[in-house]
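Have a look at the structure below, then the notes.
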Amino acid sequence: MKIFFYAISISTILFSCKKEDVEIQEYVDTWGFEKPSHFPEPDYKFENNELSKQKFELGRFLFYDPILSLDSSVSCASCHAQEHAFADHNIPLSQGVDGTFGTRNSPALSNLAWYPNFMWDGGINHIETLSVGPITNMLEMKETVSNVMVKLNNSPFYLEKFKEAYGVDNITDDLMLKSLAQFMAMLVSSNSKYDNYVKGEVEFISSELNGYQLFKQNCVSCHTEPLTTDFSYRNNGLDSVFSDQGRALITLLEEDKGKFKVPSLRNIAQTYPYMHDGRFFTLDAVIDFYSTGVIDKNTTDDLVRGGFNFSSSQKSDLKAFLKTLTDYYLIGDPAFSPPSR
-6 MKIFFYAISI
4 STILFSCKKE
14 DVEIQEYVDT
24 WGFEKPSHFP
34 EPDYKFENNE
44 LSKQKFELGR
54 FLFYDPILSL
64 DSSVSCASCH
74 AQEHAFADHN
84 IPLSQGVDGT
94 FGTRNSPALS
104 NLAWYPNFMW
114 DGGINHIETL
124 SVGPITNMLE
134 MKETVSNVMV
144 KLNNSPFYLE
154 KFKEAYGVDN
164 ITDDLMLKSL
174 AQFMAMLVSS
184 NSKYDNYVKG
194 EVEFISSELN
204 GYQLFKQNCV
214 SCHTEPLTTD
224 FSYRNNGLDS
234 VFSDQGRALI
244 TLLEEDKGKF
254 KVPSLRNIAQ
264 TYPYMHDGRF
274 FTLDAVIDFY
284 STGVIDKNTT
294 DDLVRGGFNF
304 SSSQKSDLKA
314 FLKTLTDYYL
324 IGDPAFSPPS
334 R
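Residue numbers -6 to 334, in this note's numbering, belong to the letters of the sequence shown in order.
Okay, here's the thing in structure tokens:
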């Protein structure tokens, strides 16, 4: 998805300047959220958060600014790096303030406008409150929202930016969270080779096509196209004893122990390590696990019970397909890169 759309009109304004005519080009900058043609309707529609370039840019500054953390050492981007498709820097567990490590792997951030809920356990149900989680988590940013407001209101830079975006003289937590939501909701991943294949613009090579067929036969029940997730919570047979209760921490239901959100597979080649605790560092290890490593317990999801017993050639083909999900436009788009003041 492209964020910046430029409608260009040419007008010739004639005036005397040493008897020379000067042609001036007027650039009209329009702004909006464009749903990819092959995507379903998004869950988040900006109904109470009207899009603007100023709000998006403000969210971008906030996303990259460690001011949101207790000691100004950790930003959102510290654990969600653009070069890794907004996942962590290829480490299993996120590192927060004071060098403390969290208990889960930081998920990649893309297509969040389609998510009905967030986090591995679904503990946050709205993109506009998503940032509260890491800001207040004692193992991550270790800060309070009220203290962030004090810091932002004491910053001439942010006072000016919020004035430009919202016309206010006082910064509130609601406006901060809406700005962050605008930036994150615009992180749309829809320009991979897979997307171009679905739209009929490119062809897969034989290994990719074979892998795609395997994917559709074995994986799409959970990793539903085109977002490659159905947003459900499942026990995929990783463990027989659950050190992390997963979804049960939210629902308090016994049957939800060991269940975690089905992650999107978009940009998966760039977002290792894998699983909620980052235990697998390679796609090969993940495919091997689903082939023969699934632990069969009464709580293991029926869709993966028994594993898939892929052959070596099938594993290779499936890996080739998964690599087609990489969106190099998202990873390289300067609109999402660290801003400069």
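Yeah, the Cβ is synthetic: ideal placement off N, Cα and C, and Gly gets one too.
Taking only three categories from DSSP, how would you classify residue i?
| i | result |
| --- | --- |
| A241 | helix |
| A80 | strand |
| A74 | strand |
| F49 | helix |
| F54 | helix |
| F150 | helix |
| I261 | helix |
| F32 | coil |
| E16 | Any answer about E16 is weak, because its pLDDT of 41 lies below 50 and its placement is not dependable; what the coordinates show is given next. Three-state result, E16: strand. |
| F111 | strand |
| G204 | helix |
| T285 | helix |
| A101 | coil |
| I164 | coil |
| I198 | coil |
| L315 | helix |
| S309 | helix |
| A328 | helix |
| S139 | helix |
| G126 | helix |
| P59 | helix |
| V191 | helix |
| K186 | helix |
| L246 | coil |
| L44 | coil |
| L145 | helix |
Look at residue i and residue j and say whether their C-beta atoms are less than 7 angstroms apart.
| i | j | result |
| --- | --- | --- |
| P331 | Y57 | yes |
| T319 | N260 | yes |
| E133 | G89 | yes |
| S284 | F303 | yes |
| A101 | A80 | yes |
| G230 | F253 | no |
| G271 | N83 | no |
| N118 | N110 | yes |
| H77 | Q307 | no |
| F301 | N163 | no |
| S257 | T293 | no |
| F220 | N104 | Checking the displayed sequence, the identity of residue 220 turns out to be Leu instead of Phe. Yes, the pair counts as a contact, with Cβ atoms nearer than the cut-off. |
| P59 | S45 | no |
| A241 | A178 | no |
| L86 | G95 | yes |
Using DSSP bridges, identify the partner residues of residue i.
| i | result |
| --- | --- |
| R227 | F253 |
| G267 | The sequence shown places Tyr at residue 267, rather than the Gly named in the question. DSSP output for Y267 lists F273 as bridge partner(s). |
| Q88 | F94 |
| I117 | F111 |
Report back the beta-carbon spacing between residue i and residue j to the nearest angstrom; my notes put them in contact at under 8 angstroms.
| i | j | result |
| --- | --- | --- |
| S182 | L61 | Actually they do not touch by this definition, with Cβ atoms about 24 angstroms apart. |
| I288 | S233 | 5 angstroms |
| L311 | G193 | At roughly 23 angstroms, the Cβ-Cβ gap does not stay under 8 angstroms, so L311 and G193 are not in contact. |
| M142 | D166 | 6 angstroms |
Distance, Cα to Cα, residue i vs residue j?
| i | j | result |
| --- | --- | --- |
| E199 | V191 | Per the sequence shown, the amino acid found at residue 199 is Ser instead of Glu. Answer to the nearest angstrom: the Cα atoms are 16 angstroms apart. |
| S124 | F54 | 14 angstroms |
| V279 | Y159 | 46 angstroms |
| Y108 | Y226 | 13 angstroms |
| Q75 | G325 | 8 angstroms |
| S305 | F208 | 15 angstroms |
| L173 | F49 | 8 angstroms |
| H269 | N140 | 30 angstroms |
| K154 | A328 | 17 angstroms |
| K156 | Q175 | 17 angstroms |
| G25 | G286 | 45 angstroms |
| K144 | V161 | 16 angstroms |
| D342 | F274 | Residue 342 lies beyond the stretch modelled for the chain, which goes from -6 to 334, so this question has no answer here. |
| S185 | N147 | 42 angstroms |
| C215 | L152 | 45 angstroms |
| E248 | N291 | 10 angstroms |
| S251 | D114 | The sequence shown places Gly at residue 251, rather than the Ser named in the question. Those two C-alpha atoms are separated by around 10 angstroms. |
| L170 | D64 | 20 angstroms |
| D188 | P149 | 43 angstroms |
| S2 | I120 | Because S2 sits at a pLDDT of 30, beneath the cut-off of 50, its placement in the model cannot be relied upon, and the following sentence gives the value as read from the coordinates. Answer to the nearest angstrom: the Cα atoms are 37 angstroms apart. |
| K316 | S66 | 33 angstroms |
| I243 | L51 | 32 angstroms |
| V297 | Q47 | 46 angstroms |
| S30 | E201 | 23 angstroms |
| T122 | G116 | 11 angstroms |
| F224 | V255 | 6 angstroms |
| S138 | I128 | The residue you asked about is not Ser; residue 138 is Val in the sequence shown. Rounded to whole angstroms, V138 to I128 spans 7 angstroms at the Cα level. |
| E34 | E40 | 14 angstroms |
| C72 | D237 | 20 angstroms |
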